[in-house]
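J.: These protein sequences, in sequence, are chains A and B.
Residue numbering for the first sequence follows the numbering used here, beginning at 83 and increasing consecutively.
Residue numbering for the second sequence follows the numbering used here, beginning at 34 and increasing consecutively.
No residue lacks a Cβ here, since even glycine has one placed at the ideal position from N, Cα and C.
Quick one: the structure is below, and I'll ask about it shortly.
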Amino acid sequence: MPQGMGELLLNGIFETMYMTIVSTVISYIIGIPLGVIVYITDTNGICKNRVVNFITGTIINIVRSIPFLILLVAIMPFTRLVVGTSIGSTATIVPLIVAAVPFIARMVESSLKEIDGGIIEAAKAMGSSTLQIVTKVLIPEAKPSLMVGGTIAFATILGYSAMAGFVGGGGLGAIATNYGYYRYHTDVMLITVALLVLIVQIFQEVGLKLVNKVDKRIK
Amino acid sequence: MIRFDNVSKKFNTKSGEVVAANHVNLQIEDGEIFGIIGFSGAGKSTLVRHINLLEYPTEGSIYIDDVDITKVSNKELRRYRQKIGMIFQQFNLLEQRNVTGNIMYPLEIAGVKKTEAKKRVEELLHIVGMEDKAAAYPSQLSGGQKQRVAIARALATNPDVLLCDEATSALDPITTRSILELLKDINKKLNVTIVVITHEMKVVEQICDRVAVMSAGNIEEIGTVREVFMNPKSETARKLIIPEETNLVSHTDRDVLRIVFDGQSAFEPIVSSLTIECQTMVNILGANTENIGGKAYGQMLIELPGDPDKVQKIKDYLDRQGIHYERGR
Chain A
83 MPQGMGELLL NGIFETMYMT IVSTVISYII GIPLGVIVYI TDTNGICKNR VVNFITGTII
143 NIVRSIPFLI LLVAIMPFTR LVVGTSIGST ATIVPLIVAA VPFIARMVES SLKEIDGGII
203 EAAKAMGSST LQIVTKVLIP EAKPSLMVGG TIAFATILGY SAMAGFVGGG GLGAIATNYG
263 YYRYHTDVML ITVALLVLIV QIFQEVGLKL VNKVDKRIK
Chain B
34 MIRFDNVSKK FNTKSGEVVA ANHVNLQIED GEIFGIIGFS GAGKSTLVRH INLLEYPTEG
94 SIYIDDVDIT KVSNKELRRY RQKIGMIFQQ FNLLEQRNVT GNIMYPLEIA GVKKTEAKKR
154 VEELLHIVGM EDKAAAYPSQ LSGGQKQRVA IARALATNPD VLLCDEATSA LDPITTRSIL
214 ELLKDINKKL NVTIVVITHE MKVVEQICDR VAVMSAGNIE EIGTVREVFM NPKSETARKL
274 IIPEETNLVS HTDRDVLRIV FDGQSAFEPI VSSLTIECQT MVNILGANTE NIGGKAYGQM
334 LIELPGDPDK VQKIKDYLDR QGIHYERGR
């Protein structure tokens with residue numbers, strides 16, 4: 083193993099967590115409203131709007147279809163515009179968000195679809211406005227399911243962030259690529275992969291424990 | 034007062050146009066318990082959802098206290114809805130909120146201050162007898178308890194009208210009875226107009242003042258519960274009152290008489306007396322009677338003898354006894 087590896091790996095963990103957490107949070111800030119819009123403008127939704135539904139749905143599908151590596155390279159000019167550089171961890175956050183938002187929007191939509199239509203009808207019958215239904219019924223009722231989605235999104239974004247190593251992004255993925263792939267340090271590669279597995283495992287477990295605690299449907 | 038003025042509702046489905054309400058004219062008076070009875074798919078739920086405009090009519094108007102609610106703005110409509118409570122077969126409670134949170138919801142929507150709302154929730158919990166479950170979540174409650182919470186929630190904003198959509202259909206007979214008693218109580222004490230949708234004649238008999246019989250989007254007959262029960266005019270009403278599976282009418286070729294008990298003494302052996310007086314045997318094909326406070330309520334289907342003289346004798350006897358009867362088939 084090359085010298086100074088410990089520090090390098092520690093730094094890698096930090097960078098990976100930074101990219102993944104920031105991307106996940108920002109993606110949710112954009113993805114939740116987008117998912118809500120797609121859900122409520124649907125044919126059976128509380129705010130039916132065929133045009134809005136079609137446009138948002140199509141954009142989501144297009145972005146979701148593009149392979150991440152291609153997206154990463156393709157939006158480099160945009161990345162440079164937003165964060166001033168197209169290399170490094172911060173620069174990787176931009177394509178991570180672009181890739182994760184449509185994916186999260188679809189997950190949010192499917193979480194909302196799990197809510198019993200009767201509950202929404204009851205809320206309507208009580209005189210709720212569309213905004214009140216969204217904030218007081220849809221989001222709180224879907225909270226456990228949204229949190230499950232959150233853990234899935236986190237693991238997916240973590241996987242994407244590792245790919246960023248190929249184009250000069252930072253983090254554990256970059257270490258695995260640079261040392262393991264290009265310089266044949268198999269041990270380094272194995273350690274980084276093990277670290278990635280560990281991070282996913284921890285977040286998954288903690289996430290699901292939290293869901294069980296939050297969900298009032300389970301006795 | 035709720036008034037349906039020539040209301041029609043049509044749905045376009047893959048299998049063609051479905052008429053859920055067909056030129057319905059109907060008036061529900063303040064303070065009454067009004068039943069809408071019919072088999073599944075008759076359009077009862079759709080019709081009732083016009084009262085709070087969860088369904089918009091394809092044609093016609095709905096008036097609440099002489100205001101055509103199909104013409105009011107969205108904002109006003111929401112205010113109307115706050116004055117119309119609704120409960121459902123599946124309760125439809127917010128599963129992530131506890132009992133207090135659920136009852137609080139309509140008060141939040143109405144912009145009631147938190148301290149005031151808390152006081153109101155306590156009152157409501159008392160009305161429905163659920164004080165000890167204030168912190169429980171819906172998943173920890175039985176069906177009957179959930180419906181009590183739903184009733185409390187529906188009453189939170191002091192509505193003038195309470196709509197009950199098959200509110201007891203998912204409950205067992207004993208729980209059904211207690212929920213119906215509660216609704217009756219609410220009607221009397223709080224003077225709330227109640228509209229009840231059901232497919233069970235028993236529900237109508239227990240709490241309704243008047244009833245409308247519905248089939249395929251049409252109102253087939255409207256009357257007091259007593260009128261409809263004694264003399265059902267429509268085929269649907271007859272079928273609802275005399276369920277085919279509970280009698281043997283279809284197994285006989287003879288004429289059948291339907292005898293209706295309407296508060297006669299339950300201690301009088303009417304059928305035995307009839308056989309002795311008329312010197313003829315009668316075959317009971319089906320019956321459902323209830324003894325309420327020593328008085329008999331219900332009906333009995335008897336097979337008539339072939340001899341027309343004996344039939345006349347039986348009818349004369351029933352007339353003398355003041356017992357209502359009609360052709361059972």
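Let me check one thing: in DSSP terms, what residues is B/N45 bridge-paired to?
T.: B/N45 is bridged to B/E50.
J.: Can you confirm whether A/M208, when its beta carbon is compared against all beta carbons of chain B, has any partner nearer than 7 Å?
T.: With 7 Å as the cut-off, A/M208 counts as an interface residue toward chain B.
J.: Should A/I103 be listed as close to the ligand NAP, given that the test is whether its C-beta is under 6 Å from any heavy atom?
T.: No copy of the ligand NAP occurs in the structure displayed, which carries no ligand at all.
J.: Give the interface partners of B/M119 over in chain A, defined as CB-CB distance under 9 Å, in chain order.
T.: Here the neighbours are E203, A204, A207, M208.
J.: So what does DSSP say about B/I335, is it helix, strand or coil?
T.: Strand.
J.: Apart from the five residues just before and just after A/L178, which ones in its own chain have a Cβ nearer than 7 Å to its Cβ?
T.: Once the five neighbours on either side are set aside, the close Cβ partners of A/L178 are M101, S105, I239, Y242, S243.
J.: Check whether the Cβ atoms of A/E223 and B/Q178 lie closer than 7 Å to each other.
T.: Cβ distance not < 7 Å, so A/E223 and B/Q178 don't count as in contact.
J.: Listing by chain order, which chain A residues have their CB less than 8 Å from the CB of B/P139?
T.: Near B/P139 (Cβ distances below 8 Å), the residues of chain A are M208, G209.
J.: Report yes or no: is there a C-beta of chain A within less than 7 Å of the C-beta of B/N58?
T.: It does not; no Cβ of chain A falls within 7 Å.
J.: Check whether the Cβ atoms of B/I219 and B/V225 lie closer than 7 Å to each other.
T.: Yes, they are a contact pair.
J.: Alpha carbons only, please: which of B/K217, B/E253, B/A53 is nearest the one belonging to B/D242?
T.: Nearest option by C-alpha distance: B/K217.
J.: Output needed for B/I117: all residues of its chain with C-beta closer than 6 Å, excluding positions within five of it in sequence on either side, in chain order.
T.: Taken in chain order, the residues that qualify are N85, P192, V194.
J.: In terms of DSSP beta bridges, what is B/H357 paired with?
T.: Partner(s): B/V293.
J.: Is the Cβ of A/E223 closer than 7 Å to any Cβ of chain B?
T.: Yes, A/E223 lies at the interface with chain B (some Cβ there is under 7 Å from its Cβ).
J.: Indicate whether at least one CB of chain A lies closer than 7 Å to the CB of B/Y89.
T.: Chain A contact via Cβ: absent.
J.: For a contact meaning CB atoms closer than 9 Å, what does B/S172 contact in chain A?
T.: Near B/S172 (Cβ distances below 9 Å), the residues of chain A are K298, R299, I300, K301.
J.: From the beta carbon of A/G289, is the nearest beta carbon of chain B less than 7 Å away?
T.: For A/G289, the answer is no, since every Cβ of chain B falls outside 7 Å of its Cβ.
J.: Where do the ends of the alpha helix (DSSP H) carrying A/V104 lie?
T.: 87–122 is the span of the alpha helix (DSSP H), which, as asked, contains A/V104.
J.: Mind the definition here: the stretch 246–262 of chain A touches the stretch 166–186 of chain A only if three or more C-beta pairs lie below 8 Å; say whether that holds.
T.: Output reads yes: the stretch 166–186 of chain A touches the stretch 246–262 of chain A.
J.: Cβ of B/E128 less than 7 Å from any chain A Cβ?
T.: Chain A, which has a Cβ nearer than 7 Å to the Cβ of B/E128, makes this yes.
J.: So for A/M189, helix, strand or coil by DSSP?
T.: Three-state result, A/M189: helix.
J.: Under a CB-based cut-off of 7 Å, is A/G200 close to chain B?
T.: For A/G200, the answer is yes, since a Cβ of chain B falls inside 7 Å of its Cβ.
J.: Give the range of the beta strand (DSSP E) segment to which B/F262 is assigned.
T.: No beta strand (DSSP E) contains B/F262, which is instead part of the alpha helix (DSSP H) from 258–263.
J.: Give a yes or no on whether 7 Å exceeds the smallest Cβ distance from B/Q178 to chain A.
T.: It does not; no Cβ of chain A falls within 7 Å.
J.: Going straight from the alpha carbon of A/I119 to that of A/L220, what length do you get?
T.: Roughly 12 Å between the two C-alpha positions.
J.: Using a C-beta cutoff of 7 Å, does B/N125 count as contacting chain A?
T.: Chain A, which has a Cβ nearer than 7 Å to the Cβ of B/N125, makes this yes.
J.: What is the rounded straight-line gap between the Cα of B/T285 and the Cα of B/E336?
T.: Rounded to whole angstroms, B/T285 to B/E336 spans 8 Å at the Cα level.
J.: In angstroms with no decimal places, state the Cα-to-Cα distance between A/A173 and A/R146.
T.: Between A/A173 and A/R146, the C-alpha separation is close to 20 Å.
J.: With burial defined as no fewer than 16 other Cβ atoms inside 10 Å of the residue's Cβ, what is the status of B/H159: buried or exposed?
T.: B/H159 comes out exposed.
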